[in-house]
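All remarks here apply to the structure that follows.
Residue numbers (the working numbering): 5 to 346.
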């Protein structure tokens with residue numbers, strides 16, 4: 005299937021995919037789940053589900069393929085954030101986790117061939133440190149003088165369902181797969197015995213959420229950025245994206261300011277917005293220290309990305325420009341745990 009996606013250069017729509025959600029695939033998905041994860045609204049733990057695993061999987065497989073499968077609401081819980089606020093976490097029922105993992109595996113094989121090279125996060129062989137290394141290499145090798153550290157406000161909570169389904173249908177012509185995704189989006193959440201409708205967003209903590217996020221942002225951001233830097237930029241532009249975190253580097257300040265203005269409009273079209281306090285455009289790069297010193301200003305500002313503070317530095321002993329990184333603790337690990345908890 006992945007080879008078929010690659011051969012057709014992203015133009016083929018897969019009209020028959022549900023058969024890939026086989027009993028074997030469901031079994032593999034079950035064993036891929038975290039064994040000690042908290043149960044969802046059904047109260048069923050991983051161990052309990054496995055007590056009659058083959059019978060359960062056979063029944064689940066039958067319901068999926070005849071359209072009788074029904075997604076259950078996620079159980080909403082709240083976990084503390086580093087700034088004192090709380091983040092909502094949606095815990096799916098065990099059976100829903102199994103199906104979501106299986107479908108996510110199928111979808112990833114298709115979209116993996118479409119993703120651009122600067123996209124990292126929830127992709128095989130492209131983890132946190134790969135993204136960090138790519139950013140450092142880009143900063144050193146390209147003419148970067150300005151950095152845009154962008155933060156999409158409440159991304160997972162603001163994904164518009166209609167746009168998401170449209171993006172899925174760009175490659176998926178199997179209506180049964182699309183309906184499964186719609187069932188998860190519309191299942192809602194339960195909190196203290198009360199059901200709440202979910203008109204937008206994907207529950208953080210659901211197995212399928214990172215997959216759906218990775219289908220949303222390539223169309224909203226990646227393809228647009230790639231086109232923008234080829235057609236509109238007057239200097240070098242680099243980008244590294246990890247899930248909903250992204251950093252861009254610009255040679256020209258004018259390019260950076262124009263891009264930021266147009267990015268706000270672009271995101272607004274898809275129901276998203278930049279966080280006004282966390283999105284920053286700063287002077288950064290090989291000449292930042294020298295230029296700021298001539299203006300009587302302090303050291304170049306720093307920015308945070310994937311758990312590290314990035315600092316303008318020089319290599320020893322030759323004194324070439326480099327990007328130094330300093331850990332900022334467990335912020336990244338906590339965020340990834342929120343997204344991937346299952």
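Note that beta-carbon positions come from the ideal geometry of N, C-alpha and C, so glycine has one too.
Beta carbon of residue i, beta carbon of residue j: below 8 Å?
i: residue 351; j: residue 163; result: This structure cannot settle anything about residue 351, because the visible part of the chain is limited to 5 through 346.
i: residue 159; j: residue 248; result: yes
i: residue 80; j: residue 66; result: no
i: residue 77; j: residue 193; result: yes
i: residue 106; j: residue 30; result: yes
Let's test the definition: count the other Cβ atoms within 10 Å of the Cβ of residue i and tell me whether it reaches 16, buried, or not, exposed.
i: residue 53; result: buried
i: residue 301; result: exposed
i: residue 11; result: Below a pLDDT of 50, predicted positions are generally treated as unreliable, and residue 11, at 48, falls in that range; the measurement from the model is reported next regardless. Result: exposed.
i: residue 346; result: Summary for residue 346: the model assigns pLDDT 45, below 50, so the residue's position carries little reliability; its value from the coordinates is reported in the next sentence. Classification of residue 346: buried, given that the 10 Å Cβ count is 16 or more.
i: residue 199; result: exposed
i: residue 62; result: exposed
i: residue 319; result: exposed
Whole angstroms are fine: how far does the CA of residue j sit from the CA of residue i?
i: residue 202; j: residue 297; result: 51 Å
i: residue 204; j: residue 92; result: 14 Å
i: residue 132; j: residue 268; result: 26 Å
i: residue 47; j: residue 214; result: 24 Å
i: residue 26; j: residue 109; result: 12 Å
i: residue 82; j: residue 325; result: 43 Å
i: residue 344; j: residue 36; result: Unreliable positioning characterises residue 344 in this predicted model, as indicated by a pLDDT of 48, which lies under 50. A coordinate reading is not provided.
i: residue 142; j: residue 252; result: 10 Å
i: residue 137; j: residue 332; result: 17 Å
i: residue 206; j: residue 299; result: 47 Å
Within the present structure, is the beta-carbon of residue i separated from the nearest heavy atom of the ligand NAD by less than 7 Å?
i: residue 274; result: Because no ligand of any kind appears in the structure shown, any question about the ligand NAD cannot be addressed here.
Hey, residue i and residue j are a contact pair by Cβ (cut 8 Å); roughly how many whole angstroms apart?
i: residue 19; j: residue 178; result: 6 Å
i: residue 2; j: residue 244; result: The structure shown does not extend to residue 2, since the chain is modelled only from 5 to 346, so the question has no answer here.
i: residue 113; j: residue 210; result: Going by Cβ atoms, the distance from residue 113 to residue 210 rounds to 20 Å, so no, they are not a contact pair.
i: residue 279; j: residue 157; result: 4 Å
i: residue 33; j: residue 144; result: Residue 33 to residue 144, Cβ: 41 Å. No contact.
i: residue 328; j: residue 317; result: 4 Å
i: residue 254; j: residue 275; result: Actually they are not in contact, since the Cβ atoms of residue 254 and residue 275 sit about 26 Å apart, beyond 8 Å.
i: residue 288; j: residue 151; result: 4 Å
i: residue 70; j: residue 176; result: With a Cβ gap of about 20 Å, residue 70 and residue 176 do not count as contacting.
Next item on the list: At 4 residues or longer, and completely inside the stretch 18-95: list those alpha helix (DSSP H) runs for me, N to C.
Entry: Runs of the alpha helix (DSSP H) inside the stretch 18-95: 27-36, 50-53, 57-69.
Next item on the list: Run through the stretch 251-312 for me and flag every whole beta strand (DSSP E) of 3 or more residues, listed as ranges in chain order.
Entry: 284-287, 307-309
Next item on the list: Please specify which runs of the alpha helix (DSSP H), each continuous and at least 4 residues long, are wholly inside the stretch 221-253, giving them in chain order.
Entry: 227-235
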